[in-house]
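Asker:
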Amino acid sequence: MRLSQFFLPTLKETPSEAQIASHRLMLRAGMVRQLTAGIYSWLPLGHRVLKKIEQIVREEQDKIGFNELLMPTIQPAELWQESGRYDDYGLEMLRITDRHDRKMLFGPTNEEAITDIFRKDVRSYKQLPQLLYHIQWKFRDEIRPRFGVMRGREFYMKDAYSFDIDYESARHTYNKIFLAYCRTFTRLGVKAIPMVADTGPIGGDLSHEFIILADTGESEVFCDKKWLDKDLTGKGVDLNDRTGLENWVQGTLEDYAATEEMHDASNEAVTALGDDLVTTRGIEVGHIFHFGTKYSEPMGATVLGPDGTEVPVQMGSYGIGVSRLVGALIEASHDENGIIWPESVAPYKVGLINLRTGDDECDAACEDAYAKLTNAGIEVLYDDRDIRAGGKFADMDLIGLPWQIVIGPKGLKNGVVELKNRKSGEKTEVTFEAALNQLSA
RNA sequence: CGGGGAGUAGCGCAGUCUGGUAGCGUACCUGCUUUGGGAGCAGGGGGUCGCGAGUUCGAAUCUCGCCUUCCCGACCA
């Protein structure tokens, strides 16, 4: 993409409403613009990151056998009256009325809707388990939206739902999701620590939150320092081996980690840690629940078992805050000059900087580099704008692409370009071909 | 919802106390000179001063009401 043809409204100064790093940087880097409190438009750069995160989340769901579908954002009130949550959910649910005076709502989550889909078409235990998910916008009318996309009212979430015949089977599904989440966050380039969680209004008895450690996190968290460099990729774990997977999950959860609500300072496991207990703040980016028959029972989601009796199915739901992750990743990775994207979610892999737009030799070298990078399948953002070098450097650091290739008259005289790593700040002078090779690797 | 800020050009701000032609920086447009980490000079465009009432000869400024937004707290992917 040529920057001259890209909508990238970067800001030199921070709009006064933005307080925390991710919000400031998302506005300055031209990723989002606020429409009203807690509701944002995603500009091209932000949209690319959102879609990259979404795709990684999707791939890891698909790998454990979940089926993607898409449910509506608007739901009828009756469904929620059936589950009993229409009254329970409170003011956070945005309620609306259609032209026939029918009560509708903008979905804050989809347990009811998915249960309705399930109950209409699944009749037998032989059809279980059913593993379904979608990635869709949600609306929760937060009392106080804040921190940009981290606590918006409208947000993009992956929510998965499972239906199993019994607890053992449901627990296996839970374990699969647990592994998929560990892998998802690892691929996103962050450490998200699973912590035993309060099940809250969704209910149930088995639940973990995945928390990214960051100073600006919303809640205080406590964990064994072993978590900080623990491998969560679950290499070699066989998804079909129930016992093996269960053992891996239990082994992983062996070390202490708890959110503020669940933390118990007098617990033996905590006191034994001593200085190895890390106290910091965290951002919740995922939450998984097993809640049994909480919805299947009132809503009549039953199947016939092998013995011919009708049983309510065992359900679970599993969420990842996709739009929140954009902010959370920035909180976890930035410096005074801007964002530092992990390569897996960067809007482009490389920024190509033409230091002297308008200079024939520079333009030709950059055009050649742009074509070669593009042909090599490398996502490149080419800054061909006719502005001074300083502005290009500043913008490129701000938007945080992992690599920069800087081409200017001085380097060209010596047949070299500058290759800069955004994260380490390391700059090397190499031939363009060497840079291309390194980036292709 | 309780407490505390803020609404003046795209963004950052001054002006409000003490009423009298709406300003500065930056961004934007034109020209010239520049060009390796946010250039210089000259010229130029852009404002219902959040909205509505009121007081006054006259309101960004004073009074009343409303709206929006940000921060702290209780709640949450």
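For the first sequence, numbering that gives the first Met the number 0 gives the first residue as 0, with consecutive numbering after it. Glycine included, C-beta positions come from ideal geometry on N, C-alpha and C.
1. Would you give the residue range spanned by the alpha helix (DSSP H) that Ile116 belongs to?
2. Would you call the CB atoms of Phe105 and Pro43 closer than 8 Å?
3. Give the straight-line distance between the Cα atoms of Leu26 and Gly304, rounded to the nearest whole angstrom.
4. DSSP state of Asp334, grouped into three classes?
5. Measuring only the C-alpha atoms, how far is Gln135 from Glu67?
6. Rounded to the nearest angstrom, what separates Tyr160 and Leu69 at their Cα positions?
7. Starting from the Cα of Val56, find the closest Cα among Gly357, Thr215, Tyr155, Ser15 and give me that residue.
8. If you compare alpha carbons, which of Gln54, Pro144, Tyr132 is closest to Glu91?
9. Just tell me which of Ala256, Gly357, Glu428, Lys51 has its CA closest to the CA of His207.
10. Which residue wins for smallest C-alpha separation from Ile73, given the options Leu10, Arg139, Leu372?
11. Please determine, among Ala327, Arg421, Val148, the residue with the shortest C-alpha to C-alpha distance to Lys190.
12. Excluding the 5 residues preceding and the 5 following Leu24 in the sequence, name in chain order all residues of the same chain whose CB lies nearer than 7 Å to its CB.
13. Report the three-state DSSP secondary structure of Gln129 (helix, strand or coil).
14. Taking 7 Å as the limit between beta carbons, can you name the residues of its chain near Lys321, skipping five residues before and five after?
15. Can you list, in chain order, the stretches of the beta strand (DSSP E) that have 3 or more residues and sit fully within the region 201 to 279?
16. Just to confirm, is the Cβ distance from Gly216 to Ile282 under 8 Å?
17. With distances taken between CB atoms, is the gap from Gly250 to Phe288 smaller than 8 Å?
18. Just tell me which of Arg182, Ile406, Asn239, Gly307 has its CA closest to the CA of Glu58.
19. Taking just the CA atoms, how far does Asp223 sit from Gly273?
20. Taking a contact to mean a Cβ-Cβ separation below 8 Å, would you say Thr430 touches Gly414 in this structure?
21. Below 6 Å CB to CB, which residues in the same chain sit around Glu378 once its five sequence neighbours on both sides are set aside?
22. Between Gly29 and Asn420, what straight-line distance do the alpha-carbon atoms span, to the nearest angstrom?
Answerer: Working from what's here:
1. In the first sequence, residue 116 corresponds to position 117, counting from 1. It spans 110 to 120 - the alpha helix (DSSP H) in which Ile116 sits, taken as one unbroken run.
2. As a working mapping, residue 105 is identified with position 106 in the first sequence. As a working mapping, residue 43 is identified with position 44 in the first sequence. In this structure, Pro43 does not lie closer than 8 Å to Phe105 by Cβ.
3. Within the first sequence, numbered from 1, the residue matching residue 26 stands at position 27. Within the first sequence, numbered from 1, the residue matching residue 304 stands at position 305. Using only the alpha carbons, I get a separation of about 54 Å.
4. The residue you call residue 334 lines up with position 335 of the first sequence. DSSP, reduced to helix, strand and coil, places Asp334 within a strand of the structure shown.
5. Taking the first sequence and counting its residues from 1, the one referred to as residue 135 is at position 136. Taking the first sequence and counting its residues from 1, the one referred to as residue 67 is at position 68. Their Cα atoms are separated by approximately 11 Å.
6. If you number the first sequence from 1, residue 160 lands on position 161. If you number the first sequence from 1, residue 69 lands on position 70. Going by the C-alpha atoms only, they are around 12 Å apart.
7. For the purposes of this step, residue 56 is taken as the residue at position 57 of the first sequence. Closest by alpha carbon: Tyr155.
8. By one-based count along the first sequence, residue 91 stands at place 92. Of the listed residues, the one whose Cα sits closest to Glu91 is Pro144.
9. Against the first sequence, residue 207 aligns to sequence position 208. It is Ala256 whose Cα lies nearest to the Cα of His207.
10. On the first sequence, position 74 is the one that residue 73 refers to. Nearest to Ile73 by C-alpha distance, out of Leu10, Arg139, Leu372, is Arg139.
11. Mapped onto the first sequence, residue 190 falls at position 191. The shortest Cα separation from Lys190 among Ala327, Arg421, Val148 belongs to Ala327.
12. In the first sequence, residue 24 corresponds to position 25, counting from 1. Short of 7 Å from the beta carbon of Leu24, and not among the five residues preceding or following it, lie these beta carbons of its own chain, in chain order: Ile329, His333, Gly337, Ile338.
13. Against the first sequence, residue 129 aligns to sequence position 130. Note: Gln129 maps to strand in three-state DSSP.
14. Within the first sequence, the letter at position 322 stands for residue 321. In the sequence under discussion, the amino acid at residue 321 is Val, which differs from the Lys named in the question. Answer for Val321: Leu49, Ile52, Glu53, Val56, Ile134, Tyr155, Met156, Lys157, listed in chain order.
15. 205 to 212, 218 to 223, 256 to 258
16. Counted from its first residue, the first sequence places residue 216 at position 217. Counted from its first residue, the first sequence places residue 282 at position 283. Yes.
17. For this step, residue 250 is matched to residue 251 along the first sequence. For this step, residue 288 is matched to residue 289 along the first sequence. Contact flag unset, no.
18. As a first step, residue 58 is located in the first sequence; it is residue number 59 there, counting from the start. For the residues Arg182, Ile406, Asn239, Gly307, the minimum Cα distance to Glu58 belongs to Arg182.
19. The residue labelled residue 273 in the question sits at position 274 within the first sequence. The residue labelled residue 223 in the question sits at position 224 within the first sequence. Each residue's Cα considered, the two are about 9 Å apart.
20. For this step, residue 430 is matched to residue 431 along the first sequence. For this step, residue 414 is matched to residue 415 along the first sequence. Yes, Cβ-Cβ distance for Thr430 and Gly414 is below 8 Å.
21. Looking up residue 378 in the first sequence gives position 379. If the five residues before and after Glu378 are omitted, its C-beta is found closer than 6 Å to the C-beta atoms of Tyr347, Lys348, all from its own chain and listed in chain order.
22. By 1-based counting over the first sequence, the position of residue 29 is 30. By 1-based counting over the first sequence, the position of residue 420 is 421. Straight-line Cα distance between these residues: approximately 22 Å.
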